[in-house]
Amino acid sequence: MEAGEPILSDRVRISGTVTTATLSADGQLRWSNRLLDVEKEVLGFSVEGLKLKIKSFVQGRDEICCFAGKQTHIRKTFVLQFLSDSSLRLWTHKLQEYLDSLGRPKRLFIFVNPYGGKKSASGIFVNDVKPLLDDANVAYSVQETKYQLYAKEVVKSLDLASYDGIVCVSGDGVLVEVLNGLLIREDWQNAIKIPLGVVPAGTGNGMAKSLLDSVDEPCAASNATLAVIRGHKRSLDVATLTQGDTRFFSVLMLAWGLIADIDIESEKYRWMGSARLDFYGVQRIFGLRKYNGNILFVPASGYESYGEPLDLENRIIVEGESETKFKEGPVTTQQYGYKGPEVDLKSLNWRKFDGPFVSIWLHNVPWGGEDTMAAPNAEFSDGCLDLIMIRDIPKLSLLKMMTGLSDGSHVKSPYVSYLKVKAFILQPGPRNDDQGKGGIIDVDGEVLARGKGAYKCEEETLMSYDKLLIKVDQGLATLFSPN
Numbered sequence: 001m002e003a004g005e006p007i008l009s010d011r012v013r014i015s016g017t018v019t020t021a022t023l024s025a026d027g028q029l030r031w032s033n034r035l036l037d038v039e040k041e042v043l044g045f046s047v048e049g050l051k052l053k054i055k056s057f058v059q060g061r062d063e064i065c066c067f068a069g070k071q072t073h074i075r076k077t078f079v080l081q082f083l084s085d086s087s088l089r090l091w092t093h094k095l096q097e098y099l100d101s102l103g104r105p106k107r108l109f110i111f112v113n114p115y116g117g118k119k120s121a122s123g124i125f126v127n128d129v130k131p132l133l134d135d136a137n138v139a140y141s142v143q144e145t146k147y148q149l150y151a152k153e154v155v156k157s158l159d160l161a162s163y164d165g166i167v168c169v170s171g172d173g174v175l176v177e178v179l180n181g182l183l184i185r186e187d188w189q190n191a192i193k194i195p196l197g198v199v200p201a202g203t204g205n206g207m208a209k210s211l212l213d214s215v216d217e218p219c220a221a222s223n224a225t226l227a228v229i230r231g232h233k234r235s236l237d238v239a240t241l242t243q244g245d246t247r248f249f250s251v252l253m254l255a256w257g258l259i260a261d262i263d264i265e266s267e268k269y270r271w272m273g274s275a276r277l278d279f280y281g282v283q284r285i286f287g288l289r290k291y292n293g294n295i296l297f298v299p300a301s302g303y304e305s306y307g308e309p310l311d312l313e314n315r316i317i318v319e320g321e322s323e324t325k326f327k328e329g330p331v332t333t334q335q336y337g338y339k340g341p342e343v344d345l346k347s348l349n350w351r352k353f354d355g356p357f358v359s360i361w362l363h364n365v366p367w368g369g370e371d372t373m374a375a376p377n378a379e380f381s382d383g384c385l386d387l388i389m390i391r392d393i394p395k396l397s398l399l400k401m402m403t404g405l406s407d408g409s410h411v412k413s414p415y416v417s418y419l420k421v422k423a424f425i426l427q428p429g430p431r432n433d434d435q436g437k438g439g440i441i442d443v444d445g446e447v448l449a450r451g452k453g454a455y456k457c458e459e460e461t462l463m464s465y466d467k468l469l470i471k472v473d474q475g476l477a478t479l480f481s482p483n
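The sequence shown begins at 1 in full-length UniProt numbering and counts up one residue at a time.
This is the structure:
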């Protein structure tokens with residue numbers, strides 16, 4: 001049977017008019033002048049008497065959303081009234097059969113973070129997420145997060161066999177917690193296979209933005225929910241950060257220097273909302289700090305000319321990494337769980353950059369937030385992290401460069417080194433102007449380590465302000481994706 005050939009054709013009544021409806025083998029549902037792509041637009045259906053109610057999510061007519069003039073989508077129910085019970089039964093059977101063939105999730109575990117961002121996640125779930133899931137006949141269990149690392153604790157013992165995916169209605173933080181919870185399980189090899197979804201409802205929505213922007217869709221909760229319902233999946237690189245026996249798993253970014261200082265220290269102006277980043281960013285630019293230290297990295301193919309060969313001291317660091325314990329942080333991992341990718345570090349082509357640095361920024365996906373395209377060339381599963389490095393730059397040039405973060409044009413600045421790396425060692429040092437003060441290492445929006453004299457340096461962190469190793473496991477995790 002040809003893909004577009006009808007497998008069903010019946011007379012139905014729609015809005016009082018009798019017409020012919022057809023369903024083709026490739027999932028095209030037609031009647032009168034209407035065409036529905038079942039895979040892309042149909043959420044599910046219900047039956048009421050002889051009425052087949054098709055629940056859809058279709059492009060709205062003459063409804064232009066506020067996201068750069070892109071069209072939005074709306075929920076819409078189409079009612080097809082059949083003329084016989086036997087025809088209705090045949091249609092429901094074939095339609096369900098086609099939907100089942102798409103591999104869509106049937107049951108989800110959903111985290112809702114009521115405290116993140118503008119504290120709007122609960123409302124977003126009720127108003128945007130729940131109606132779509134209900135229309136798609138997706139069953140779900142909902143758990144509100146209660147405190148930081150709550151999602152990680154829940155996932156450690158969650159019966160994953162009961163679910164087809166885990167969805168985070170939150171910013172990026174809960175997604176990172178879920179990933180870390182999966183990878184410290186004893187059965188992590190199977191646990192990490194469960195698809196993860198993210199619905200933007202926080203301060204930082206970099207992962208959701210990256211996924212939806214890849215198909216030119218607005219970063220909206222409804223679009224992200226549709227991506228989960230449709231069940232398409234894509235692989236995602238996972239970076240393992242190691243310091244001694246302590247590990248942390250990252251999927252978004254690492255920042256040290258200017259970006260980390262702005263992200264973390266601007267918390268004191270949280271009452272300003274997202275404007276706090278711009279406000280404090282200007283302060284930090286005109287009171288620019290530089291940090292001593294160095295970075296060692298393995299360049300991806302095509303980037304071998306960046307940096308310099310290692311000297312003896314740094315080669316010893318690389319060669320001894322597998323035997324030498326870095327300074328341990330206050331919290332250590334369990335004995336079981338994922339240890340990170342097995343890589344012979346000594347066999348790799350290591351290069352280095354010496355400081356002082358204005359900013360070191362590693363990115364796994366293109367967007368760091370809804371309005372920050374940090375790494376325009378980043379890919380979800382290329383086995384690399386994108387490194388955006390600034391060592392020296394005039395303040396006015398830096399201010400101008402920062403305005404390019406919204407479209408990724410900042411990487412074209414002559415003061416920016418932009419390359420892809422396959423492994424990375426950060427050796428952070430003190431501020432250039434004050435040897436008694438260190439910096440902040442920011443990973444996925446949370447503080448991983450604070451140096452002496454840094455902002456809130458008295459607070460405990462997972463790792464110490466010391467050298468740390470980053471390795472990338474290509475495509476280790478799985479995301480629900482719009483394509």
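Even glycine gets a Cβ: it sits at the ideal position worked out from N, Cα and C.
Straight-line measurement puts the Cα of Tyr140 at about 30 Å from the Cα of Pro366. Going by C-alpha positions, Ala275 is about 42 Å away from Glu342. Counting the other CB atoms within 10 Å of its CB gives Tyr303 a total of 16 or more, which places it among the buried residues.
Between the alpha carbons of Leu183 and Gly337 lies a gap of roughly 6 Å. DSSP places Asn190 inside the alpha helix (DSSP H), whose first and last residues are Trp188 to Ala191.
The beta-carbon separation of Asp442 and Ala239, rounded to 14 Å, does not stay under the 8 Å limit for a contact.
Shown here, Ile229 sits in a helix according to DSSP, grouped into three states. Rounded to whole angstroms, Cys384 and Phe279 show a C-alpha spacing of 32 Å.
For His363, the beta-bridge partners assigned by DSSP are Met253 and Asp386. Residue environment for His93: exposed (fewer than 16 other C-beta atoms within 10 angstroms of its C-beta). A residue is called buried when at least 16 other Cβ atoms come within 10 angstroms of its Cβ; Ser46 does not meet this threshold and is exposed.
About 18 Å separates the beta carbon of Leu448 from that of Asp237, a gap too long to meet the 8 Å contact definition. When the five nearest sequence neighbours on each side are left out, the beta carbons in the same chain lying within less than 7 Å of the beta carbon of Ser481 are those of Leu211, Ala227, His232, Lys233 and Arg234, in order along the chain.
The continuous beta strand (DSSP E) containing Lys422 extends over residues Val416 to Arg431. According to DSSP, Asn314 shares a beta bridge with no other residue. Here Leu175 carries a helix assignment [DSSP, helix/strand/coil]. Here Gly123 carries a helix assignment [DSSP, helix/strand/coil]. CA-to-CA, the gap between Leu108 and Ser301 works out to about 39 Å. The C-alpha of Leu387 lies about 23 Å from the C-alpha of Glu319. Counting other Cβ atoms within 10 Å of its Cβ, Val12 reaches 16 or more and is therefore classed as buried.
Contact check for Thr72 and Gly60: beta-carbon distance about 5 Å, within the 8 Å limit, so the pair qualifies. By the criterion of a C-beta distance shorter than 6 Å, Gly202 is surrounded in its chain by Gly116, Gly117, Ser170 and Gly171, once the five residues flanking it on both sides are discounted.
By alpha-carbon distance to Val472, the top candidate from Pro430, Pro200, Asp371 and Glu379 is Glu379. In the three-state reduction of the DSSP assignment, Phe78 falls in the strand class, which pools E and B.
Annotated three-state conformation of Leu288 is coil, per DSSP. Per DSSP, Thr203 is not a residue of any alpha helix (DSSP H), being assigned neither H nor E. In this structure, Leu35 keeps its C-beta atom at 8 Å or more from the C-beta atom of Ser56. Beta-bridge analysis with DSSP links Met373 to Trp367. Within the model, the alpha-carbon separation for Leu29 versus Gly257 is close to 55 Å. DSSP lists Thr20 as the beta-bridge partner residues of Arg11. When DSSP states are grouped into helix, strand and coil, Phe380 belongs to the coil group.
Using a C-beta cut-off of 8 Å, the stretch 359-376 makes no contact with the stretch 450-459, since fewer than three inter-stretch Cβ pairs fall below that distance.
Assignment of Trp350 by DSSP, reduced to helix, strand and coil, places it in the coil class.
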